[in-house]
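Novice:
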């Protein structure tokens with residue numbers, strides 16, 4: 542998908558269509574008394590929202606979404622169930638008979654939540670009934686829905702994220718290295734990683750950290766984990782091999798290596814966020830708020846591109862709001878999630894620091910206006926000039942991902958070479974997929 546300088550295709554959302562009314566066989570319009578009649582009140586209803594992502598507690602959900610829903614639909618009471626692995630995991634809620642009207646999750650968590658528990662509903666009929674215009678939305682997000690719903694649509698995207706490159710200004714200043722303000726190639730980023738991987742005053746600094754799972758999932762090579770037609774893993778196919786080699790290569794740069802104590806993502810995140818010893822960090826763009834709170838002096842840098850994929854960035858990673866099979870009032874739920882994609886609501890989300898999903902270039906300038914943690918940041922670098930095509934993410938994605946992370950650990954720690962690690966992951970994933978069918 543082509544973007545205008547890091548954002549969406551241009552189009553505006555027209556919020557409402559006028560509907561006429563008729564006075565039966567009379568040629569006259571409504572009387573003054575009739576015109577003064579208020580619109581029929583709708584019955585009060587609770588809509589229960591839930592996400593396995595754990596990004597919000599109830600207060601955070603209401604500030605981001607709930608209060609605006611209540612303002613727009615006074616008869617609707619949004620109820621949010623906060624995720625807790627011990628008490629409110631999805632399986633426990635379903636076992637307890639808890640109704641969930643709207644489940645919202647990233648595309649990466651959709652298979653293990655919505656689809657695993659068979660909660661999905663094709664909302665194509667509701668889209669048609671309400672004349673909802675899908676063309677106002679970022680196209681690759683809709684393509685993802687077409688893929689997982691076999692041509693249908695299970696949910697609407699409300700906000701998105703992608704893989705972003707962050708950098709620690711203090712480390713660049715310490716070593717007199719210019720900030721990475723301009724677009725660069727992957728090879729140039731590797732050279733920058735070499736310059737910044739060093740020891741100083743008894744402290745070890747590393748040039749680059751990468752969220753391995755998100756890098757593999759959102760690769761510019763659009764490499765799927767599993768072939769949707771055959772349900773066979775695709776870790777030994779060229780697109781995935783290229784992605785894997787690039788990832789492993791970044792951690793083979795002298796001074797930037799990982800060992801058994803630092804190979805996990807949680808440890809890498811700790812080094813970046815708490816220890817502040819990682820110069821650049823590649824992760825989902827939405828992690829920024831917590832870093833400002835930790836005292837990290839950071840900014841965005843443009844994502845590097847591969848020489849055989851010029852101008853192509855990582856893939857889009859939207860969050861979708863899904864109406865579930867157990868929804869009490871699916872039409873009311875659809876009205877609500879439709880509103881979440883309105884220009885009014887998308888502007889609100891952008892100002893709060895989320896990336897909107899409308900094809901509306903005006904919204905780029907709104908990102909972070911009400912979010913102090915984005916003040917002074919190079920927000921224009923969040924999004925690539927062009928998103929990579931979406932790789933198919935289907936129901937066996939999670940099963941396959943478990944095996945490829947094992948392959949990453951094996952290749953990094955040197956217990957297997959890259960080809961052997963990927964071949965073994967391929968075989969193990971296929972066995973796990975067969976067992977999960």
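Numbering (this note's numbering), first residue to last: 542 to 978.
A virtual CB, placed ideally from N, CA and C, is assigned to each residue, including glycine.
Just so we're clear, the structure is a prediction, and the values are computed from it rather than from any experiment.
1) Compute the beta-carbon to beta-carbon distance between residue 668 and residue 678, rounded to the nearest angstrom, for a pair I have assumed lies under 8 Å.
2) With distance defined between alpha-carbon atoms, name the residue in 862, 715, 896, 764 nearest to residue 643.
3) Evaluate residue 961 with the Cβ neighbour count: other Cβ atoms within 10 Å of its Cβ, from every protein chain shown; 16 or more gives buried, anything less gives exposed.
4) Would residue 813 and residue 750 be called neighbours here (beta carbons separated by less than 7 Å)?
5) Pull up the distance between the alpha-carbon of residue 913 and that of residue 834, whole angstroms please.
6) What residue range is occupied by the uninterrupted alpha helix (DSSP H) comprising residue 735?
7) Contact check, residue 963 vs residue 785 under 8 Å by CB: the rounded distance?
8) Return the CA-CA distance between residue 967 and residue 775, expressed in angstroms with no decimal places.
9) In angstroms, rounded to a whole number, what distance separates the CA positions of residue 864 and residue 655?
10) Residues in its own chain within less than 8 Å of residue 850 by CB, not counting five upstream and five downstream?
11) Note down, in chain order, each residue of its chain lying with its Cβ closer than 6 Å to the Cβ of residue 694, except the 5 sequence neighbours on either side.
12) Near residue 758, what residues of its chain come up, given a Cβ to Cβ distance below 7 Å and the 5 sequence neighbours on each side ignored?
13) Taking the alpha helix (DSSP H) that residue 482 falls in, what are its first and last residues?
14) Which value, in whole angstroms, describes the spacing of the CA atoms of residue 980 and residue 946?
15) If distances are taken between C-alpha atoms only, which option among 661, 795, 701, 920 comes closest to residue 736?
16) Hey, quick one: how far does the beta strand (DSSP E) through residue 586 stretch, first residue to last?
17) Buried or exposed: where does residue 532 fall if 16 or more other Cβ atoms within 10 Å of its Cβ makes it buried?
18) How about residue 672 and residue 974: do their beta carbons lie closer than 7 Å?
19) Considering residue 940, what are the terminal residues of the alpha helix (DSSP H) in which it resides?
20) If you draw a straight line from the C-alpha of residue 618 to the C-alpha of residue 612, how long is it?
21) Mark residue 755 as exposed unless 16 or more other C-beta atoms lie within 10 angstroms of its C-beta, in which case mark it buried.
22) How many Å lie between residue 624 and residue 592 at the Cα?
23) What residues in its chain sit with their C-beta under 8 Å from that of residue 958, if we drop five residues either side in the sequence?
24) Could you say which of 935, 633, 723 lies nearest to residue 845 if we only look at CA atoms?
25) Mind checking residue 857: buried by the 16 CB within 10 Å criterion, or exposed?
26) Let me know the alpha helix (DSSP H) ranges lying completely inside the stretch 790-826, each 4 residues or longer, listed in chain order.
27) How about residue 621 and residue 599: do their beta carbons lie closer than 7 Å?
28) Among the candidates 926, 725, 706, whose CA atom is the shortest distance from the CA of residue 848?
29) For residue 720, count neighbouring C-beta atoms within 10 Å of its own C-beta (all shown protein chains included) and say buried if the count is 16 or more, exposed if not.
30) Report all residues from its chain with a CB closer than 6 Å to the CB of residue 661; omit the five preceding and five following residues, and keep chain order.
31) Near residue 595, what residues of its chain come up, given a Cβ to Cβ distance below 7 Å and the 5 sequence neighbours on each side ignored?
32) So, residue 841 versus residue 918, is the Cβ gap smaller than 7 Å?
33) Under the assumption that residue 907 contacts residue 891 (Cβ atoms under 8 Å), give the Cβ distance between them as a whole number of angstroms.
34) Name the DSSP bridge partner or partners of residue 647?
35) Near residue 971, what residues of its chain come up, given a Cβ to Cβ distance below 7 Å and the 5 sequence neighbours on each side ignored?
36) Residue 728: buried (16+ other C-beta within 10 angstroms of its C-beta) or exposed?
Specialist: In terms of the structure at hand:
1) About 11 Å separates the two Cβ atoms, so there is no contact after all.
2) 862
3) exposed
4) Closer than 7 Å, so yes.
5) 10 Å
6) 727-737
7) 6 Å
8) 7 Å
9) 10 Å
10) Non-local beta-carbon contacts of residue 850 in its own chain, meaning distances under 8 Å to residues more than five positions away in sequence, involve 761, 762, 929 in chain order.
11) 664, 665, 686
12) 649
13) This structure cannot speak to residue 482, because the chain is shown only from 542 to 978.
14) Lying outside 542 to 978, the shown extent of the chain, residue 980 is not represented and no answer is given.
15) Comparing Cα-Cα distances from residue 736 to each of 661, 795, 701, 920, the minimum goes to 795.
16) Per DSSP, residue 586 belongs to the beta strand (DSSP E) from 586-591.
17) Nothing can be reported for residue 532: it is not among the residues displayed for the chain, which extend from 542 to 978.
18) Their beta carbons are not under 7 Å apart, which means residue 672 does not touch residue 974 by this criterion.
19) 938-954
20) 10 Å
21) A buried status is given to residue 755, since no fewer than 16 other beta-carbon atoms sit within 10 Å of its beta-carbon.
22) 7 Å
23) For residue 958, where only same-chain residues beyond five positions count, the Cβ hits under 8 Å are 952.
24) 723
25) buried
26) 806-811
27) yes
28) 725
29) exposed
30) 655, 695
31) 624
32) yes
33) 4 Å
34) Looking at the DSSP assignment, residue 647 forms a beta bridge with 860.
35) 773, 774
36) exposed
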